[in-house]
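Here is the structure we will look at.
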Amino acid sequence: MTQTDLLSTNDVRDRFSKAMSAMYQAEVPQYGTLLELVERVNQETLSQQPELQRRLEAQGELARLSVERHGAIRVGTVEELSMLRRLFAVMGMYPVGYYDLSEAGVPVHSTAFRPIEDDALARNPFRVFTSLLRLELIESEALRQRAAAILAKRDIFTPTVRELIERYESQGGLTSEEADQFVKEALETFRWHQDATVDLDTYQALHDEHRLIADVVCFKGPHINHLTPRTLDIDEVQRRMPEMGMNPKAVIEGPPRRESSILLRQTSFKALEESIRFAGDTQGTHTARFGEIEQRGMALTPKGRALYDRLLNEGRKQTAGLGNDDHQAVMNKVFAEFPDNDEAIRHQQLAYFHYHLTDTGRAFNGSVEKNMDALVEQGLVEAQPITYEDFLPVSAAGIFQSNLGGAQNDAYAANANREAFEEALGAQVTDELALYAERENMSKENVLARLKANT
Ligand code: OOG
Ligand code: NI
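Shown next as C-alpha cells:
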C-alpha cells in the first residue's frame, strides 16, 4: 500500500458528515425541513447583500456554507470517550476546548471534535460536540452503581469499525473503499434505537435524577441528538420556523444581531417526543432529538471574550423570562458597549484577524515597515476576521435545558475537572484560543515574508 492509495482525512470527514446528515433527515424529517429553510434564507440573504457575498467568498466561507454543520452526542464511560477520540481522528477531527456544563446544572463535561488546519476547516468544518456523563456528580450511591452497571454492559462500536480504526492507525490512512466501509460502520454508533436497554422503572429512576442521565444510560448507543446547519440570518430563520411547522426554543442564545458578528448565535426547534419500547415490552416515550441552527461570527481574543462574558452576564440578569423580541432588544442595549465595526474591534484587539496582501501589496516592491497597522493603512495589507469554530458553554447549557425540559440541578455546579476529562479522553484537549492566535500570527509572518521577497 502506498501513501497515494490512501484517502485524505478531509475526504473521510466529508463523506461521513454527508452520510450523517442523510441518516438524520431520514430519522427526524423536521431536520430536513430546517435544512430547506436555512438554505432558502441563506440564498435570500446573499442576493440582498452582495457585499456580504463578496466578503464570504474572499474568506473562503461561501464554499463551505452548504456543507457546514455540527452535531452532538453524549457518552457514558471513559472507554466510550477514548474510543471516540480514535474514531474521530480517522476523519481528521481532534478534541478542541474543554466545556464545563456542571456550572449550568447539567452533569456533563465536554469537548468538540473538529478539524484544526485552515485547509481542513475550509473543506468541511464538521464538528461534533461530545459530552461525557459525570456519574460522580449523582448523589445517590445506589443509582450511581446501577447506571455504571448498565453502561458496563454495552458496546457502542461495531467490531468492524474497531478494526478499521486500528487499520487507520497502523496504515496511516484508509483507502477509498475502506473509508466507505468505515463511514457505514461508524454511523451505527450514532443511530437512533427505539428499544431501550432497560425497563421503564429503571428509566424513570434515572430520569428523576436528571433527564440527561436517562438519555445517556438507557439506550444501545449515543444517538446523535441534533445536527446544526449554519445560517447567515438566524433571526429570520427563528421567525419563520413556526410557518414551517417547527416549534422554536424561546430565545436565540449568544450575542445579539450586530454589523460585525461575534462568536456564535444559536437557536433550535424543540426536541420531539418519541415512542420507545422498554424491556419487558412496555411502551413509553423519550424526548431527546432536535434540530439546531447557528450563525457564526468572529473569534474573540481573551480580552474580547472577557468583555463578551461580562456583557452576557449583565444581559442575562435583565432578560430572564423575556420572549425573543424583548430579549434581543435588551441584549442590543447591553452590547452597545462592544465596538461594532471590524476596524475598531481590531484596533482594540478584541478579535483575531487573518492578514493577507491586497493587489497593491502584491505589486509593491519598495521597502516596507514591519508594523501591520501601518501596512493596512497604506493599503498593502487587508485584515479579515477569523471565524469562530468553537462553542459557548452558556449557550450550550441553554440548548441542553430547553431540550431537557428546563431541568437544572445547582448541586452539580462548580465542578470543572479538565484533568479528569483529559484522562478519560486519553489525550489533552487543544486550547482553542491558542489555535486562533497561531493562525493570526502565521498570516502576519506570511505577509511580511512575501513583501520582503518582492524587494
Ligand atoms: C449538546 C448541547 C451543546 C451546542 O451547539 O452548543 C451544543 C447536547 O445537547 O448534547 O450542541
Ligand atoms: Ni449544538
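Using the numbering used here, read the sequence shown as starting at 367 and increasing by one per residue. For glycine and all other residues, C-beta sits at the position ideal for the given N, C-alpha and C.
1. Which class does V472 belong to by DSSP, given the choice of helix, strand or coil?
2. How many angstroms separate the CA atom of A654 from the CA atom of N591?
3. Under the three-state reduction of DSSP, which class applies to G663: helix, strand or coil?
4. Between Q396 and M612, is the Cβ-Cβ spacing less than 8 Å?
5. Excluding sequence positions up to five away, which residues of its chain have a Cβ less than 7 Å from the Cβ of G745?
6. Should S768 be listed as close to ligand 1, given that the test is whether its C-beta is under 7 Å from any heavy atom?
7. Q414: buried (16+ other C-beta within 10 angstroms of its C-beta) or exposed?
8. Could you tell me the alpha carbon to alpha carbon distance between E619 and G764, rounded to whole angstroms?
9. For the beta strand (DSSP E) containing I642, name the first residue and the last one.
10. Could you tell me the distance, in whole angstroms, from the CA atom of I504 to the CA atom of V583?
11. Verify whether the separation of the beta carbon atoms of Y778 and S468 is less than 8 Å.
12. Check this for me: beta carbons of I752 and M664, under 8 Å apart or not?
13. Shortest alpha-carbon distance to P759 belongs to which of E434, D484, D675 and P595?
14. Taking only runs of the alpha helix (DSSP H) that begin and end inside the segment 598–627, which ones reach a length of at least 4 residues, in chain order?
15. Less than 8 Å separating the beta-carbons of T633 and I659?
16. Per DSSP, V462 forms a beta bridge with which residues?
17. Pairs of beta-carbons, one from the segment 384–394 and one from the segment 549–560, closer than 8 Å: are there three or more?
18. Give the list of continuous beta strand (DSSP E) stretches no shorter than 3 residues that lie fully inside the segment 532–584.
19. Any heavy atom of ligand 2 closer than 7 Å to the Cβ of E658?
20. Could you give the DSSP three-state label for Q715: helix, strand or coil?
21. Compare the C-alpha of A424 against each of H436, A488, A616 and R379 and name the closest.
22. Using 8 Å as the threshold, is the segment 451–464 in touch with the segment 475–491, meaning 3 or more CB pairs across them?
23. Take the Cβ of N737 as the centre, count every other Cβ of all protein chains shown within 10 Å, and call the residue buried at 16 or more, exposed below.
24. Taking CB distances under 8 Å as the criterion, tell me whether T796 reaches chain C.
25. For ligand 2, is there any heavy atom lying closer than 7 Å to the beta carbon of F730?
26. Is the separation between the beta-carbon of D433 and that of N376 shorter than 8 Å?
27. Quick check on A749: does DSSP put it in helix, strand or coil?
28. Quick check on P595: does DSSP put it in helix, strand or coil?
29. Rounded C-beta distance between L677 and V700? I'm assuming under 8 Å.
30. I'd like the span of the beta strand (DSSP E) that includes F787, first residue to last.
31. Say yes only if the C-beta of A438 is nearer than 7 Å to one or more non-hydrogen atoms of ligand 1, and no if none qualify.
32. Indicate the three-state DSSP secondary structure (helix, strand or coil) for I590 in the structure shown.
33. So is R493 buried or exposed if we call it buried at 16+ other beta carbons inside 10 Å?
34. Assuming L572 and A562 are in contact, meaning their beta carbons sit under 8 Å apart, how far apart are those beta carbons, in whole angstroms?
35. Could you tell me if the beta carbon of I338 falls within a distance shorter than 7 Å of some heavy atom in ligand 2?
36. State yes or no: is the C-beta of R784 within less than 8 Å of the C-beta of Y464?
Short version:
1. coil
2. 6 Å
3. coil
4. yes
5. T724 and T726
6. no
7. exposed
8. 7 Å
9. E639 to A645
10. 13 Å
11. yes
12. yes
13. D675
14. 600–606
15. yes
16. A478 and T796
17. yes
18. 561–565
19. yes
20. coil
21. A488
22. yes
23. exposed
24. Among the chains in the structure shown there is no chain C, since it carries only a single protein chain.
25. no
26. In the sequence as presented, Asp is not what sits at residue 433; that position holds Val. No, Cβ-Cβ distance for V433 and N376 is not below 8 Å.
27. strand
28. strand
29. 5 Å
30. Here F787 belongs to no beta strand (DSSP E); instead the alpha helix (DSSP H) covers R784 to L791.
31. yes
32. coil
33. buried
34. Not really, about 11 Å apart at Cβ, beyond 8 Å.
35. Coverage of the chain is limited to positions 367 through 821, which leaves residue 338 absent and any answer about it impossible.
36. yes
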